[in-house]
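Trainee: Have a look at the structure that comes next, please.
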Amino acid sequence: MKRTKTIIFSFFAFFLLACSARHDYNWQLVLADSLMQLQPDSTLFILQNISNQELATRADSAYYALLMTQAKDQNCVLQTDDSLIRIAAYYYDAIGDIILQAKAHYYYGCVWRDKNNYPKAIVEYRKARTFAEEAKDVNLLSCIYSNVGHLYYSQELDEEADSIYKLAEQLAVQQQDTTGMVYALLQRGMINLKKGEPQYVEAERLLQKALFVAEHFSDSSIKLPVYGSLGDLYNKISDRERTLFYARLSYLSEEDTINCYRAFLLLGDTYFRNAQYDSAEIYLQKIFSAEKYYDTKADACMRLSKIARIRGDMEGAVKMWAEQLAYLDSAEQNHQGYAIFRSAISQERKNCELNKEFYENIIIVLVLAFLILTIIVMICYTKRSNKQKLEEQRWKEKLQLEISLLVCKKQALIKGSYENSVVYSKLKKIARDLIRVETKENLTLEEWEQLVKLTDAKWNGIITYLNAVYILSAEEIQICCLYLADVPVKHIGHFIRGYARSTVQLKAREILAKMGASSGSLLKDVLFSLSEELKGY
Numbered sequence: 157m158k159r160t161k162t163i164i165f166s167f168f169a170f171f172l173l174a175c176s177a178r179h180d181y182n183w184q185l186v187l188a189d190s191l192m193q194l195q196p197d198s199t200l201f202i203l204q205n206i207s208n209q210e211l212a213t214r215a216d217s218a219y220y221a222l223l224m225t226q227a228k229d230q231n232c233v234l235q236t237d238d239s240l241i242r243i244a245a246y247y248y249d250a251i252g253d254i255i256l257q258a259k260a261h262y263y264y265g266c267v268w269r270d271k272n273n274y275p276k277a278i279v280e281y282r283k284a285r286t287f288a289e290e291a292k293d294v295n296l297l298s299c300i301y302s303n304v305g306h307l308y309y310s311q312e313l314d315e316e317a318d319s320i321y322k323l324a325e326q327l328a329v330q331q332q333d334t335t336g337m338v339y340a341l342l343q344r345g346m347i348n349l350k351k352g353e354p355q356y357v358e359a360e361r362l363l364q365k366a367l368f369v370a371e372h373f374s375d376s377s378i379k380l381p382v383y384g385s386l387g388d389l390y391n392k393i394s395d396r397e398r399t400l401f402y403a404r405l406s407y408l409s410e411e412d413t414i415n416c417y418r419a420f421l422l423l424g425d426t427y428f429r430n431a432q433y434d435s436a437e438i439y440l441q442k443i444f445s446a447e448k449y450y451d452t453k454a455d456a457c458m459r460l461s462k463i464a465r466i467r468g469d470m471e472g473a474v475k476m477w478a479e480q481l482a483y484l485d486s487a488e489q490n491h492q493g494y495a496i497f498r499s500a501i502s503q504e505r506k507n508c509e510l511n512k513e514f515y516e517n518i519i520i521v522l523v524l525a526f527l528i529l530t531i532i533v534m535i536c537y538t539k540r541s542n543k544q545k546l547e548e549q550r551w552k553e554k555l556q557l558e559i560s561l562l563v564c565k566k567q568a569l570i571k572g573s574y575e576n577s578v579v580y581s582k583l584k585k586i587a588r589d590l591i592r593v594e595t596k597e598n599l600t601l602e603e604w605e606q607l608v609k610l611t612d613a614k615w616n617g618i619i620t621y622l623n624a625v626y627i628l629s630a631e632e633i634q635i636c637c638l639y640l641a642d643v644p645v646k647h648i649g650h651f652i653r654g655y656a657r658s659t660v661q662l663k664a665r666e667i668l669a670k671m672g673a674s675s676g677s678l679l680k681d682v683l684f685s686l687s688e689e690l691k692g693y
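Following the working numbering, the numbering of the sequence shown begins with 157 at its first residue and continues without gaps.
Listed below in structure tokens is the structure:
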């Protein structure tokens, strides 16, 4: 009976979700997005079970790419392939959806971060920051600042990291985010601590401020990293009394806190993120003194396995991974024990529940009646809506046909203006003359500018795209124009500083490398293919 009620209530919840979901996206994507913050592991499971055939539109494909990258990032899955998130970034850039542009470029940066390509990660984070500021997405800005600050800090770019953490601190003040404020102040204090004795006073000011904020926070584990950093500071300046004071505070906070093992995990994780692996290992090892807390031990094993992998100790990494699996099994068995205990208690209360069941059955009947009535209303509404959509579709098809005709006419005009232009005629004449005899005739600077503009119009904005995405030089743009104009390779060098054919071919390979083309590709083929892709934008 309980199983039946669970199924009915689950169906009712799903029905309400379906009614409120956005109709322009696959319902599974909407469901996955709604679970992202609270249950990222469930989100990843849902996304992994969506087939390509279910992604019917480009909007669905881009949304799926964004959600999958976000879910993997939140589940700490290392991502070294940027092909998926690139789909989302290009699509949202094309349609100009600022909110999703910000998220797409943020997670594009996260992928570059995982690939250890920090310069490109910073570029994407900056793009995301621009869009997030325009969209006033404060939560995303906080994530961006945290990641950028950590990248700068890990690369020992202390000044840049400090400026980013200043922004993070200001944002935390605006949001009244105590945890974020403490973290930003703590990181700034540690940066100044690294700078040496001249900055110890500033480091002390920042850390004491972090402690002042943390003292008003009910979770004592927030104070632990601050106590540790203050102890380190006073140890460096040989203040034994205060070093001992903060060391004792750290110890007492651990011993007096019910969730001290989670505090150890938090502290170990903090040191791990700052690449202080020795300190991280010390705190993570303390967790294993607990008798239970199998979930916490499993998390500690995961971090220790990563530390061992970073140090090149693959045997230790495998050992920690195996222990993590063992603790997860123990946690599952422990949960099963709780289930047995709850079953025994429920058996004792069975008589009381029998009385409640009668009223619950009445509620179920009412819910079913409501669902049936709602479905009938929805069917009627859908029929009427489908009729309207059919009429709209016919009108759109007619309009699309007219637009297509106009586009064809426009393309024909552009082609005519390109092929009938003076500069194109001159270019082809020089190329024909070169077949028979050497000539010094060439294009002037003004004619080159005209040719570049005409080529950009003729080939669907390809020059603008090459400049924006691959940042080609003026000379490389000229070579691309000549390839698109179908000038023989052996004559291209005549127009570009009198280059030899081998030099032109070398330049072509350099352009292909910038564009990320596969080995063996021909520049002419790649340019024509790119032009066809741009036709859809």
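Every residue, glycine too, gets a C-beta built ideally from N, C-alpha and C.
These figures come from a predicted structure and were not determined experimentally.
Going by alpha carbons, who is nearest to Tyr339 out of Gly305, Glu353, Glu315, Glu312?
Mentor: Taking the sequence shown and counting its residues from 1, one reaches residue 339 at position 183. Out of Gly305, Glu353, Glu315, Glu312, Gly305 has the C-alpha closest to the C-alpha of Tyr339.
Trainee: Is the distance from the Cβ of Gly352 to the Cβ of Leu363 below 8 Å?
Mentor: Along the sequence shown, one-based indexing puts residue 352 at 196. Along the sequence shown, one-based indexing puts residue 363 at 207. No, they are not a contact pair.
Trainee: Among residues of its own chain, excluding the 5 on either side of Leu679, which ones have a beta-carbon nearer than 7 Å to its beta-carbon?
Mentor: Taking the first residue of the sequence shown as 1, we reach residue 679 at position 523. Around Leu679: Tyr639, Ala664, Ile667, Leu668.
Trainee: So the alpha helix (DSSP H) Met671 belongs to, where does it begin and stop?
Mentor: One-based indexing of the sequence shown puts residue 671 at position 515. Residues 657-671.
Trainee: So Asp229 packs on Tyr263, CB below 8 Å; how close in whole Å?
Mentor: Along the sequence shown, read from residue 1 onward, the residue named residue 229 stands at position 73. Along the sequence shown, read from residue 1 onward, the residue named residue 263 stands at position 107. Right, their Cβ atoms sit about 6 Å apart.
Trainee: For Ser385 versus Leu342, is the C-beta distance shorter than 8 Å?
Mentor: Along the sequence shown, read from residue 1 onward, the residue named residue 385 stands at position 229. Along the sequence shown, read from residue 1 onward, the residue named residue 342 stands at position 186. A contact, by the Cβ cut-off of 8 Å.
Trainee: Would you please state the rounded distance, in angstroms, between the beta carbons of Ser461 and Ala473? I believe it to be under 8 Å.
Mentor: For the purposes of this step, residue 461 is taken as residue 305 along the sequence shown, with counting starting at 1. For the purposes of this step, residue 473 is taken as residue 317 along the sequence shown, with counting starting at 1. Indeed, because the Cβ distance is near 5 Å, the residues count as touching under 8 Å.
Trainee: Should the region 270-282 be called in touch with the region 296-314, which here means at least 3 C-beta pairs below 8 Å?
Mentor: Cβ pair count under 8 Å is three or more, so yes.
Trainee: Exposed or buried, Arg269, counting other C-beta atoms within 10 Å across all chains shown (16 or more means buried)?
Mentor: Counted from its first residue, the sequence shown places residue 269 at position 113. The residue is buried, with at least 16 neighbouring Cβ atoms inside 10 Å.
Trainee: Measure the C-alpha to C-alpha separation of Asp395 and Lys442 and round it to an integer number of angstroms.
Mentor: The sequence position of residue 395 within the sequence shown is 239, counting from 1. The sequence position of residue 442 within the sequence shown is 286, counting from 1. C-alpha separation (whole angstroms): 27 Å.
Trainee: Could you tell me the distance, in whole angstroms, from the CA atom of Leu628 to the CA atom of Ile466?
Mentor: In the sequence shown, the residue the question calls residue 628 occupies position 472. In the sequence shown, the residue the question calls residue 466 occupies position 310. If I take the Cα positions, the gap works out to 38 Å.
Trainee: From Gly336 to Tyr574, what does the alpha carbon distance come to, in whole angstroms?
Mentor: As a first step, residue 336 is located in the sequence shown; it is residue number 180 there, counting from the start. As a first step, residue 574 is located in the sequence shown; it is residue number 418 there, counting from the start. Rounded to the nearest angstrom, the two C-alpha atoms are 58 Å apart.
Trainee: So what's Trp615 in DSSP terms, helix, strand or just coil?
Mentor: Along the sequence shown, read from residue 1 onward, the residue named residue 615 stands at position 459. If DSSP states are grouped into helix, strand and coil, Trp615 belongs with coil.
Trainee: With burial defined as no fewer than 16 other Cβ atoms inside 10 Å of the residue's Cβ, what is the status of Ser674: buried or exposed?
Mentor: Working through the sequence shown from its first residue, we reach residue 674 at position 518. Residue environment: Ser674 is assigned as exposed (fewer than 16 neighbouring CB atoms within 10 Å of its CB, all protein chains considered).
Trainee: Any Cβ of chain B within less than 8 Å of the Cβ of Asn542?
Mentor: The structure shown contains no chain B, having only a single protein chain.
Trainee: In angstroms with no decimal places, state the Cα-to-Cα distance between Arg657 and His650.
Mentor: The residue you call residue 657 lines up with position 501 of the sequence shown. The residue you call residue 650 lines up with position 494 of the sequence shown. Spanning the two alpha carbons is a distance of roughly 9 Å.
Trainee: Give the DSSP-derived three-state secondary structure of Ile652 in the structure shown.
Mentor: By one-based count along the sequence shown, residue 652 stands at place 496. Coil.
Trainee: Out of curiosity, what's the CA-to-CA distance linking Ile393 and Ile438?
Mentor: Indexing the sequence shown from 1 puts residue 393 at position 237. Indexing the sequence shown from 1 puts residue 438 at position 282. If I take the Cα positions, the gap works out to 23 Å.
Trainee: Check whether the region 215-222 touches the region 237-248, counting contact only when three or more Cβ pairs, one atom from each stretch, lie closer than 8 Å.
Mentor: As far as the Cβ criterion goes, the region 215-222 touches the region 237-248, which means the pair count is three or higher.
Trainee: Look at Leu256 and Leu222 and say whether their C-beta atoms are less than 8 Å apart.
Mentor: If you number the sequence shown from 1, residue 256 lands on position 100. If you number the sequence shown from 1, residue 222 lands on position 66. It is a contact, given that the beta carbons lie within the stated cut-off.
Trainee: Would Ala317 and Ile347 be called neighbours here (beta carbons separated by less than 8 Å)?
Mentor: Translated into positions along the sequence shown, residue 317 becomes position 161. Translated into positions along the sequence shown, residue 347 becomes position 191. Yes. Within cutoff.
Trainee: Measure how close the beta-carbons of Gly635 and Ile652 come, nearest whole angstrom, since I'm counting them as under 8 Å.
Mentor: Working through the sequence shown from its first residue, we reach residue 635 at position 479. Working through the sequence shown from its first residue, we reach residue 652 at position 496. The identity of residue 635 in the sequence shown is Ile, whereas the question assumes Gly. That belief holds up - the Cβ atoms of Ile635 and Ile652 are roughly 6 Å apart, short of 8 Å.
Trainee: Whose C-beta lies closer than 6 Å to the C-beta of Arg285 among residues of the same chain, with five residues either side of it excluded?
Mentor: Here residue 285 refers to the residue found at position 129 of the sequence shown. These residues qualify, in order along the chain: Ile300.
Trainee: In its own chain, which residues sit with a C-beta less than 7 Å from the C-beta of Ala431, not counting the 5 before and 5 after it?
Mentor: Here residue 431 corresponds to residue number 275 of the sequence shown, with the count starting at 1. Same-chain partners within the cutoff: Ser310.
Trainee: Roughly how far, in whole angstroms, is the beta-carbon of Leu389 from the beta-carbon of Glu360, given that I think they are within contact range, below 8 Å?
Mentor: Your numbering for residue 389 matches position 233 in the sequence shown. Your numbering for residue 360 matches position 204 in the sequence shown. Confirmed, about 6 Å.
Trainee: Rounding to the nearest angstrom, what Cα-Cα distance links Leu440 and Asn517 in this structure?
Mentor: In the sequence shown, counting from the first residue as 1, residue 440 sits at position 284. In the sequence shown, counting from the first residue as 1, residue 517 sits at position 361. So the two alpha carbons sit approximately 51 Å from each other.
Trainee: Have a look at Gln661 and Cys637 and give me their C-alpha separation to the nearest angstrom.
Mentor: Taking the first residue of the sequence shown as 1, we reach residue 661 at position 505. Taking the first residue of the sequence shown as 1, we reach residue 637 at position 481. Approximately 15 Å, taken between the alpha carbons.
Trainee: Output needed for Val369: all residues of its chain with C-beta closer than 8 Å, excluding positions within five of it in sequence on either side, in chain order.
Mentor: To locate residue 369, count along the sequence shown from 1; it is residue 213. Only Thr334, Met337, Val338, Leu341 meet the Cβ criterion.
Trainee: In the DSSP assignment, find the alpha helix (DSSP H) that holds Thr199 and state where it starts and stops.
Mentor: The sequence position of residue 199 within the sequence shown is 43, counting from 1. Here the alpha helix (DSSP H) through Thr199 covers 196-204.
Trainee: Distance check for Leu583 and Asn598, CA to CA, integer angstroms please.
Mentor: Taking the sequence shown and counting its residues from 1, one reaches residue 598 at position 442. Taking the sequence shown and counting its residues from 1, one reaches residue 583 at position 427. So the two alpha carbons sit approximately 8 Å from each other.
Trainee: Mapping DSSP to helix, strand and coil, what is Cys636?
Mentor: As a first step, residue 636 must be located in the sequence shown, where it is residue number 480. Cys636: helix per DSSP, three-state reduction.
Trainee: Which of the three DSSP states is assigned to Gly472 in this structure?
Mentor: Working through the sequence shown from its first residue, we reach residue 472 at position 316. It is helical.
Trainee: Can you name the start and end residues of the alpha helix (DSSP H) that Tyr626 belongs to?
Mentor: To locate residue 626, count along the sequence shown from 1; it is residue 470. Looking at the DSSP string, Tyr626 is not in any alpha helix (DSSP H), and its letter there is neither H nor E.
Trainee: Taking the continuous alpha helix (DSSP H) assigned at Phe368, which residues delimit it?
Mentor: Counted from its first residue, the sequence shown places residue 368 at position 212. Start and end: 356-371.
Trainee: Taking Cβ positions, are Ala258 and Leu296 nearer each other than 8 Å?
Mentor: Start at 1 with the first residue of the sequence shown, and residue 258 comes out as number 102. Start at 1 with the first residue of the sequence shown, and residue 296 comes out as number 140. Yes; because the gap between Cβ atoms is below 8 Å, this pair is in contact.
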